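Participant:
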Amino acid sequence: MERLKADVVIVGAGIIGTAIARELARYELEVFLVEKEADVACGSTKANTAIVHAGYDAHPGTWKARLNVRGNAVFPQICRELEVPFKQTGTLVVALKEDEVPHLYELLERGHVNGVPDLEIIGREELLCREPNVNPKAVAALWAPTGGIVNAWELAIAQAENAVENGVKLLLQQPVTRIELEDGRVRTVFTPDFAIETRFVVNAAGRYSDEVARLVGQENFRIVPRKGEYYVFDKRFGHMANCPLFPVPTAISKGILVTPTVEGNLLIGPNAQDLEDKEDLRTTPAGLKEVLTQALELMPDLPVKDAITNFAGLRAVAKPSNDFVLGPAPGVPNFINAAGIQSPGLTAAPAVAEEVRDHLQEAGLELHGKKKFNPYRKRITPFRELSREEQAKLIEQDPRYGQIVCRCETVTEAEVVQALHRPVPCTTMDGVKRRTRAGMGRCQGGFCTPRVAAILARELGLSLDEVTKKGGASKLLLGRTKDILLSEEEAEAHA
Amino acid sequence: MRKIECDVAVVGAGPAGLAAAGRAKAAGAGRVLLIERDRELGGILQQCIHNGFGLHLFGEELTGPEYAYRFITENQAAGVEVLLGTMVLEVRPDRRLYAINRRDGMLEIQAGAVILAMGCRERNRGAVTIPGTRPAGIFTAGTAQRFVNMEGFMPGRRIVILGSGDIGLIMARRFAWEGAKVEGVFEIMPYSNGLTRNVVQCLHDNDIPLYLSHTVVEIHGQERVEGVTVAKVDEKLTPIPGTERRVPCDTLLLSVGLIPENELSRDANIELDPVTGGPVVSDEMETSLPGIFACGNVVHVHDLVDNVTRESWLAGEGAARLVQGRQPRGPLLNTRAGEGIRYVVPHRLHLANLKERETTLYMRVREPAEHVRIEALLDGEPILSVRERVVRPAEMVSVKIPPGSIPEGRTATELTLRVVKEGERG
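One line per chain: the protein sequences are D and V, in this order.
Once you know that position 103 of the first sequence is 103 in the numbering used here, the rest is easy, because the numbers rise by one and skip nothing.
For the numbering used here, count along the second sequence from 1 and bump the result up by 495.
Spelled out as structure tokens, the structure:
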């Protein structure tokens, strides 16, 4: 086991952990970002609605309310610096019946208290003009122009890449197994391969943050995984919604919405079901039916037959507070929680990172700005977004741009190769998919899987049957042809 | 940007593109350019190492590569030019193509006629909405076929196959011959979706069970597939509660249908038939855009490559006639899918062609039936009737209309095809 020394260890490299890592990368600090999975952004970050909320939902006074509006305000700048796709489309909450209209005014009022700018109630006519595919029975809507859509996993990857480029050390496949305390303070964080002696720990472990807190004896909150299921529709139908369309919210969720994705698909979901099992990412017939039924209420002409995939994500809901759990753990002043960051956690992430920084400072961490901090991160330029002339020029520079690997999303070999050699290691099929969109189109990897796997194996020096979908035991292939026959023959020979 | 001019540009060099390009050249088109995205010609045929190709056309049982090879050598001798590793990104209505490859970079190709022969793709898990987890080990049958036959790797060792499409049946046998355990083929319909000969040769001969009226209702496993839950379905194809059974496996293969690959056609605003998923075509195999032709699985999914070839010859011929100014003139009549028929291809027929040559209409029936007649009605009046002992949705029906079947001077507008039970009068 290798021994390391840190100022701060951040546990968990989802949207929150990576935001904190990037924030701390601005200072002269030794920071380790520790992740149990083979890649960053593997938990709730990879499976959510990817909405940048305006901030009218949360009840005034909660962390959610405060940090949503603050996070929203800095989103455009962060996404510009990190070259992450973000569209400030605005969002609509649609009242389908007269008796839902008072709810819109409630949300409007709450929005005002929370400091959400430019909220407006619009009538049926204007709603249908903006959103011609919304249910014509709709009566009114709340318009929030500061809302938007983003690519959540790309933001997390971008934050991690930017953090690493500014000196943060990322340790993948290192679940935290034990945290050693000394005189009521955290002293050493243990993972399978490392013992990291550290001055501070930040707990951004998502749906496992209660278990990480338990490692320092804290049992004041627990995380309930709340499942949400989704359908993704073909890009041909992305235009059916111009912005996220919410129904009037229920007690536990913002409801099942219809939204364009920033990449041009149409997405519906999520339902909300509280579970015990933190790995239960199954989609279910009942859940998918619920999603479809309710989404059809909002948009009766949904292209039901053109779903390209469905998936489930788990929100990390902190009980009993239902709010973010932010700040030092009681009695362990150098262990800072950033837990229970469910919706609007993505929007709040930049503000959560600042809060955590301030808590660290209050707890005694000195912050000296790094002169060389570079806030910019270059994305992998998507070939599909360029003009024919620009595409021609790129192929001249690198012939690998002339080889299409994923036909649905027009991803070239050059992009896949780049994805595999960036500051954050990418070693899996899903990693390539999230960085390039190879396999995210309408054929869902039918065409590109063998091609991406071959490039991945070549670039990382693996045999094709060592390639995994998402690390661990998720091997894509199980040996070579003739293996079974030869081993049977051998067994017979021995017999 | 390199610019190329040609008489006929063919997009895709699977069986359709190979046949169309060769025939265009033979019919007198000058410069014929065959554009293929893969590293070699032949398309999906290259991974179809089983035999049975060409039985109808050549009276021989060829393997996929052998079948392709015949056309490849013929084209080579005829002087068809080939661009390999080249992806067409865009087809413009003025028959200008944009394509890329490593060597030439971006190519702008101006063609006199374009033939679309992009083939089809497999429906996947999302298209059929199978609930459950999302582990490694879920493949479409064709992707698995590529891994086994072209890369030499095994996608799995204990296999469940959902859907009884032909590729699924072929792969069931392929896996069995590799020593893998094939737990069964589960088909949601009460009948198989593959050719009868494949059910017999692939499943029966290898003791692989076929479960009709069954489907997969859940996928299990976090990292790699660990099993699936299967269930019986009722007449509405809804799983019947209480019939669920868990089948351990490490791999789920999907053979749940094929979809014509019409991204390029759609972007060019070519009219598509919502039933076939492919372009609406005339008997010249010309689409709604003049000078742009289509053939093979991009038009409608075939079950026999022999028919793909025949249809593609028409497209090649049609494109050659166009560039030589020999296209048929005069009125067209529409074909229509009547009772019991899902679709008919081609969609429009030149009366001039009907007079001069035999015309083959390809169609699929809605449901299996025995002892029927396929009837052709010209504006409601029967002109032709063909007996079929058995018809099944999985097996394409072709009806040949002899030259001169339409009475001289007749102003017809519609030819309807329908299924009539033997003994009943329509």
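No residue lacks a Cβ here, since even glycine has one placed at the ideal position from N, Cα and C.
Please read these numbers as outputs of a predicted model, since none were measured by experiment.
What are the start and end residues of each continuous beta strand (DSSP E) run of 3 or more residues lying completely inside the region 708-771 of chain V, in chain order?
Facilitator: The region 708-771 of chain V contains these whole beta strand (DSSP E) runs: 709-715, 722-727, 740-743, 746-749, 753-755.
Participant: At 7 Å on the CB atoms, spell out the chain D contacts of D745(V), in chain order.
Facilitator: What D745(V) touches in chain D: L478.
Participant: Residues bridged to I179(D) by DSSP?
Facilitator: DSSP output for I179(D) lists V189(D) as bridge partner(s).
Participant: What separation, rounded to the nearest whole angstrom, lies between the Cα atoms of A815(V) and A763(V)?
Facilitator: If you take the alpha carbons of A815(V) and A763(V), they lie about 21 Å apart.
Participant: From the DSSP output, which residues share a beta bridge with A95(D)?
Facilitator: A140(D).
Participant: Should Q361(D) go down as buried or exposed, given a rule of 16 or more other Cβ atoms within 10 Å for buried?
Facilitator: Looking at its Cβ environment, which holds fewer than 16 other Cβ atoms inside 10 Å, Q361(D) is exposed.
Participant: Helix, strand or coil for S777(V)? Go by DSSP, reduced to three states.
Facilitator: Strand.
Participant: Tell me whether the beta-carbon of I20(D) lies closer than 7 Å to the beta-carbon of T45(D).
Facilitator: Cβ distance not < 7 Å, so I20(D) and T45(D) don't count as in contact.
Participant: Please report the distance separating the alpha-carbon of V11(D) from that of A213(D).
Facilitator: The alpha-carbon atoms of V11(D) and A213(D) are separated by roughly 11 Å.
Participant: Does the beta-carbon distance from N310(D) to L288(D) come in below 7 Å?
Facilitator: Result yes, Cβ atoms of N310(D) and L288(D) sit closer than 7 Å.
Participant: With contact counted as at least three CB pairs below 8 Å, one residue from each stretch, are the region 580-593 of chain V and the region 722-742 of chain V in contact?
Facilitator: The region 580-593 of chain V vs the region 722-742 of chain V: no contact.
Participant: Using only CA atoms, which one of V9(D), T49(D), L155(D), K371(D) lies nearest to I179(D)?
Facilitator: The shortest Cα separation from I179(D) among V9(D), T49(D), L155(D), K371(D) belongs to V9(D).
Participant: Using CA atoms only, rank isn't needed, just tell me which of Y208(D), D280(D), L172(D) is closest to I341(D).
Facilitator: Ranking the options by Cα distance to I341(D), first place goes to Y208(D).
Participant: For a cutoff of 7 Å on Cβ pairs, would you count G439(D) as touching chain V?
Facilitator: No, no contact with chain V.
Participant: According to DSSP, simplified to helix, strand and coil, what is C543(V)?
Facilitator: Note: C543(V) maps to coil in three-state DSSP.
Participant: Going by beta carbon distance, what residues of the same chain come within less than 8 Å of P685(V), once the five residues before and after it are set aside?
Facilitator: Cβ neighbours of P685(V) beyond the five flanking positions: L707, S708.
Participant: Look up E883(V) in the DSSP assignment and give the residues it is bridged to.
Facilitator: Paired residues: V867(V).
Participant: Since R434(D) is in the beta strand (DSSP E), which residue starts that stretch and which ends it?
Facilitator: Not the beta strand (DSSP E): R434(D) falls in the alpha helix (DSSP H), residues 429-436.
Participant: I'd like to confirm the pairing. Which residues does DSSP put opposite P247(D) in its beta bridges?
Facilitator: Beta-bridge pairing links P247(D) to V94(D).
Participant: If you measure from the CB of A339(D), is any heavy atom of the ligand ATP nearer than 6 Å?
Facilitator: Judged by which ligands are present, the structure shown has none, so any question about the ligand ATP falls away.
Participant: Whose C-beta lies closer than 7 Å to the C-beta of A639(V) among residues of the same chain, with five residues either side of it excluded?
Facilitator: P650, M666, L748, listed in sequence order.
Participant: Just checking my contact of L817(V) with A608(V) at CB under 8 Å: how many whole Å lie between their CB atoms?
Facilitator: With 8 Å as the limit, L817(V) and A608(V) qualify as a contact, their Cβ atoms being about 5 Å apart.
Participant: What's the call for D778(V), buried or exposed, on a 16-neighbour Cβ count within 10 Å?
Facilitator: Buried, by the Cβ-count rule.
Participant: To the nearest angstrom, how far is the alpha carbon of G921(V) from that of E290(D)?
Facilitator: In this prediction, G921(V) has a pLDDT of 47, which is less than 50 and means its spatial position is unreliable; nothing more can be read from the coordinates.
Participant: Can you give me the start and stop residues for the beta strand (DSSP E) that V506(V) sits inside?
Facilitator: Per DSSP, V506(V) belongs to the beta strand (DSSP E) from 497-506.
Participant: Pull up the CB-CB distance for L257(D) and L155(D), whole angstroms please, since I reckon it's below 8 Å.
Facilitator: Incorrect: roughly 20 Å between the Cβ atoms, too far for contact.
Participant: Counting only the same chain and skipping the five closest in sequence on each side, list residues whose C-beta sits under 6 Å from that of E492(V).
Facilitator: The question about residue 492(V) has no answer, for chain V in this structure spans 496 to 921.
Participant: Compare the Cα-Cα distances from R831(V) to each of I703(V), V867(V), V776(V), N802(V) and report the closest residue.
Facilitator: Nearest option by C-alpha distance: V776(V).
Participant: Establish whether the CB of N72(D) and some CB of chain V are separated by less than 7 Å.
Facilitator: For N72(D), the answer is no, since every Cβ of chain V falls outside 7 Å of its Cβ.
Participant: Cutting at 6 Å between CB atoms, please list the residues of its own chain near I544(V), excluding the five before and the five after it.
Facilitator: So the list reads T558, N644, once near-sequence residues are dropped.
Participant: If we cut at 7 Å on Cβ distances, does G674(V) have a partner in chain D?
Facilitator: For G674(V), the answer is yes, since a Cβ of chain D falls inside 7 Å of its Cβ.
Participant: Between the region 167-177 of chain D and the region 189-196 of chain D, are three or more C-beta pairs nearer than 8 Å?
Facilitator: Touching, yes, given that three or more Cβ pairs across the two stretches are closer than 8 Å.
Participant: Taking the C-alpha atoms as reference points, what is the distance between L827(V) and R905(V)?
Facilitator: Whole-angstrom Cα-Cα distance: 12 Å.
Participant: By the DSSP assignment, the alpha helix (DSSP H) with Y564(V) in it spans what residues?
Facilitator: First-last of the alpha helix (DSSP H) with Y564(V): 559-573.
Participant: In chain order, what residues of the same chain have a beta carbon less than 7 Å from the beta carbon of T635(V), not counting five sequence neighbours either side?
Facilitator: E617, N619, L749.
Participant: May I ask you to list, following chain order, the residues of the region 245-278 of chain D that have a beta carbon less than 9 Å from some beta carbon of chain V?
Facilitator: Taking 9 Å as the Cβ-Cβ cut-off against chain V, none of the residues of the region 245-278 of chain D qualify.
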